[in-house]
Every structure is written in structure tokens, then in C-alpha cells.
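Undergrad: Here you go, one structure.
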Amino acid sequence: QDIPVICIDGPTASGKGTLASRVAQTLGYHYLDSGALYRVTAYAALKAGLSLEANDEARISDLARTLPVRFEGDTVWLGNEDVSDAIRTEQAGMNASKVSVLPAVRTALVALQHSFQRLPGLLADGRDMGTVIFPDAPLKVFLTASAAQRAERRHKQLISKGISTTLDSLRADLEARDARDSSRSVAPLKAAQDAFQLDNSSLSIEASVDQVLTWWQAKQ
Ligand code: C5P
């Protein structure tokens with residue numbers, strides 16, 4: 441099992457997705473957006489008429505274990521339904537955070553996440569990539585940015601998509617989501633002991649990519 445994995449974990453809207461996909465592109469590696477799996481799971485659960493609570497844990501995890509999800513560029517498919525936009529809303533993020541608290545759901549998604557580890561290598565982004573899913577990964581990065589900075593970036597992103605929100609409500613939402621993600625008992629959001637910390641509050645995306653590539657080269 442010599443397929444390299446680079447893990448990028450961190451809080452909501454810290455820029456993990458952009459950073460991980462850029463590094464993956466540069467290295468020609470595969471990319472796992474693990475948050476999308478929780479988002480799709482929550483979407484599928486609601487569609488099946490389930491609640492996102494513990495009383496439906498077994499049924500949600502059954503769905504997760506056989507989730508017919510497919511990534512095609514920026515398009516995310518659930519069976520033959522294009523769910524790309526539906527899973528990207530703030531509400532979908534909050535729903536993902538709810539199902540991700542359920543231990544059986546997390547377990548149900550492990551094999552699917554491992555299946556992304558293919559040659560020549562993988563960039564994995566999420567909350568527990570370095571701590572739980574790929575604990576032996578040779579490079580782990582814990583990416584942070586101030587809450588103000590994260591809310592501002594998310595605000596710009598949504599405005600550019602024509603979705604109107606306020607900075608204050610976005611910041612409150614992402615802080616609520618981080619609090620839930622950090623305080624859950626299974627696989628909470630936290631840096632792996634051997635993770636490099638990267639605060640990108642005042643770094644350009646290029647500078648962040650360069651930092652990760654520099655750490656990666658140092659491992660070779
Ligand atoms: O990263 P993203 O915002 O898409 O993740 C949505 C939610 O899915 C997170 O708030 C978190 O609750 C959950 N998640 C998780 N473990 C991961 C990735 C995401 O619990 N590895």
C-alpha cells in the first residue's frame with residue numbers, strides 16, 4: 441500500500457477544497473472531497489423521508505453504505521440526478537453536519553473514502569482525513585483562517601452565484617457548524633498530532649499551494 445495521500449483538514453470555509461484540488465491538479469493526483477459525501481448522504485436521507493437524527497441512524501447508514509454517488513469534474517451525481525447545486529447550499533452544509541455526528545454513518549462511509557486512494561496519489565480534504573481515514577498519510581495539513589475571513593470568503597462566493605445572505609448570518613452559521621463538528625464524540629474536527637498547521641487568513645491561494653508543495657517535496 442504505497443499510494444501517497446496528502447490530507448487537508450480544517451474548519452468550514454477555510455479554503456480546503458480550493459487548496460486540495462489545486463495541489464491535486466499540480467501533482468496529477470486524485471481528489472477526495474469527503475464533505476461532499478456527507479452532504480450527499482444528508483440529501484439522500486431527506487429525499488427518502490428520513491429525519492437527520494439518531495432515531496434514523498441505521499437507515500441513514502444503510503443509504504450511506506450503498507450511496508450511488510459519482511464525481512465527474514465539478515458535477516456530483518446521486519444515481520442519475522445531478523445534485524451539484526443542491527448539496528452546495530448553506531442548509532445542505534448544516535444537514536451534512538447533522539448526519540456526520542452519527543457514528544454508524546461515519547463508519548458506513550469509510551470504505552467509499554478508502555476507494556479514492558488510487559495511483560499515482562490522493563489529495564483528501566475534510567475534517568478527519570489525517571486523524572481517522574488516512575492516519576498513515578505521509579503529509580497532513582491542518583488549514584485554518586479566522587472566522588471573519590472565512591465568512592467573508594463564503595459571502596463573496598455566494599454573492600457571485602447570485603445568492604444573497606448577510607455576513608453576520610453566515611458567520612453565525614459557520615461557527616455553529618464548527619462547534620458541532622469540534623464537539624462530537626466520534627472523529628471530531630481537530631488537527632492530527634503530526635499535522636502541519638497552515639493559517640491562510642492573509643495568504644493568497646498560490647502561496648498556500650506553494651507551501652503544501654514545499655512540505656511535500658521535503659518528504660520525498
Ligand atoms: O467540508 P464541507 O463543508 O463540505 O463538509 C460538510 C459537513 O460534513 C461538515 O460540516 C462536517 O460536519 C461533515 N464532514 C465530516 N467529516 C469530513 C468531511 C465533512 O464530518 N471528513
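In full-length UniProt numbering, the protein residues as written are 441 to 660.
Beta carbons: idealized from backbone N, C-alpha and C, even for Gly.
Which residue wins for smallest C-alpha separation from GLY475, given the options LEU492, ASN535, ALA658, ASP442?
TA: Numbered from 1 along the sequence shown, position 35 holds the residue referred to as residue 475. Of LEU492, ASN535, ALA658, ASP442, the residue nearest in Cα terms is ASN535.
Undergrad: Quick check on this structure: which residue in GLN531, SER454, ALA494 has the alpha carbon closest to the alpha carbon of ALA591?
TA: Translated into the one-based positions of the sequence shown, residue 591 becomes position 151. Answer by Cα proximity: SER454.
Undergrad: For PRO575, count neighbouring C-beta atoms within 10 Å of its own C-beta (all shown protein chains included) and say buried if the count is 16 or more, exposed if not.
TA: Along the sequence shown, one-based indexing puts residue 575 at 135. So PRO575 counts as exposed.
Undergrad: In the DSSP assignment, the beta strand (DSSP E) including ILE448 goes from what residue to what residue?
TA: Here residue 448 corresponds to residue number 8 of the sequence shown, with the count starting at 1. Unbroken beta strand (DSSP E) run through ILE448: 445-449.
Undergrad: Grab me the residues of THR605's own chain with a C-beta within less than 6 Å of its C-beta, minus the 5 sequence neighbours each way, in chain order.
TA: Here residue 605 is taken as the residue at index 165 of the sequence shown, counted from 1. Closer than 6 Å at the Cβ level, and outside the excluded window around THR605, lie LEU598.
Undergrad: Give the DSSP-derived three-state secondary structure of ARG499 in the structure shown.
TA: The sequence position of residue 499 within the sequence shown is 59, counting from 1. Three-state DSSP puts ARG499 in a helix.
Undergrad: May I have the straight-line CA-CA distance separating GLU615 from LEU629, to the nearest angstrom?
TA: For the purposes of this step, residue 615 is identified with residue 175 of the sequence shown, where counting begins at 1. For the purposes of this step, residue 629 is identified with residue 189 of the sequence shown, where counting begins at 1. If you take the alpha carbons of GLU615 and LEU629, they lie about 13 Å apart.
Undergrad: Among the candidates LEU459, HIS554, VAL445, whose CA atom is the shortest distance from the CA of LEU643?
TA: In the sequence shown, counting from the first residue as 1, residue 643 sits at position 203. Nearest option by C-alpha distance: LEU459.
Undergrad: Let me know if LYS659 comes out buried or exposed under the rule of 16 or more other beta-carbons within 10 Å of its beta-carbon.
TA: On the sequence shown, residue 659 is found 219 positions in, with the first residue counted as 1. The residue is exposed, with fewer than 16 neighbouring Cβ atoms inside 10 Å.
Undergrad: Along the chain, where does the beta strand (DSSP E) containing THR515 start, and where does it finish?
TA: Residue mapping note: residue 515 aligns to position 75 of the sequence shown, counting from 1. Note, THR515: beta strand (DSSP E), 515-518.
Undergrad: Look up ARG617 in the DSSP assignment and say whether it is helix, strand or coil.
TA: Position 177 of the sequence shown, counted from the start, is the residue given in the question as residue 617. It is helical.
Undergrad: DSSP has PHE636 in a bridge; who is on the other side?
TA: As a first step, residue 636 is located in the sequence shown; it is residue number 196 there, counting from the start. According to DSSP, PHE636 bridges with VAL581.
Undergrad: Alpha carbon to alpha carbon, how far is ALA485 from LEU507?
TA: For the purposes of this step, residue 485 is taken as the residue at position 45 of the sequence shown. For the purposes of this step, residue 507 is taken as the residue at position 67 of the sequence shown. Using only the alpha carbons, I get a separation of about 10 Å.
Undergrad: In the DSSP assignment, what residue or residues form a beta bridge with ARG510?
TA: In the sequence shown, the residue the question calls residue 510 occupies position 70. In the DSSP output, where bridge partners are listed per residue, ARG510 has TRP517.
Undergrad: Of the choices LEU607, ASP568, ALA647, THR654, whose alpha-carbon is the least far from that of residue 426?
TA: The requested residue 426 is not part of the displayed model; the chain covers only 441 to 660.
Undergrad: Confirm the yes/no value for this check: CB of SER540, any heavy atom of the ligand C5P, distance under 8 Å.
TA: Counted from its first residue, the sequence shown places residue 540 at position 100. Within the cutoff, so yes.
Undergrad: Only counting the same chain, and skipping five residues up and downstream in sequence, which positions put a Cβ closer than 8 Å to that of ASP621?
TA: Translated into the one-based positions of the sequence shown, residue 621 becomes position 181. Contacts found: PRO451, THR452, SER537, SER540, ARG567, PRO628, LEU629.
Undergrad: Given a cut-off of 9 Å on the beta-carbon distance, is the pair ARG617 and GLY533 in contact?
TA: By 1-based counting over the sequence shown, the position of residue 617 is 177. By 1-based counting over the sequence shown, the position of residue 533 is 93. In contact: ARG617 and GLY533 (Cβ atoms closer than 9 Å).
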